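Trainee: Numbering follows numbering that gives the first Met the number 0, with no gaps: position 1 of the sequence shown is 0.
Just so it is clear, CB atoms sit at the ideal spot from N, CA and C, and this is done for glycine as well.
Fair warning: this is a prediction, and the values are worked out from it, not measured in the lab.
Below are the structure tokens for one structure; questions will follow.
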Amino acid sequence: MVGPTTGGNGGFGGDWATAGTDGGAGSGATASSLGGAAGTGGKAIALNGNAVTWFGGNNSTQVKGAVS
Numbered sequence: 000m001v002g003p004t005t006g007g008n009g010g011f012g013g014d015w016a017t018a019g020t021d022g023g024a025g026s027g028a029t030a031s032s033l034g035g036a037a038g039t040g041g042k043a044i045a046l047n048g049n050a051v052t053w054f055g056g057n058n059s060t061q062v063k064g065a066v067s
């Protein structure tokens, strides 16, 4: 008989444009499982084939994440 399995805690979200943290490992009577990997950081702007014109503030203090 296999005992119940308990899932691990989910990871924490990251700061703007940074990856979150991995999820916690699950536990069970017979084995443990690794937690899920963290998601990647998001984009500041998704161009989707368009262009962007900067009027100011185009630096790492004001713009967090990739522009692509």
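Is the segment 5-16 in contact with the segment 36-44, if contact means three or more CB pairs nearer than 8 angstroms?
Mentor: yes
Trainee: Considering Cα atoms alone, identify which of Ala18, Gly35, Thr20 and Trp53 is closest to Gly6.
Mentor: Sequence index remark: in the sequence shown, residue 6 carries index 7 (1-based). With distances taken between Cα atoms, Gly6 lies closest to Gly35.
Trainee: Here's a check: name, in chain order, each residue in its chain whose Cβ is nearer than 6 angstroms to the Cβ of Gly23, leaving out the five neighbours to either side.
Mentor: The residue labelled residue 23 in the question sits at position 24 within the sequence shown. Closer than 6 angstroms at Cβ, skipping near neighbours: Gly7, Asn8 and Gly34.
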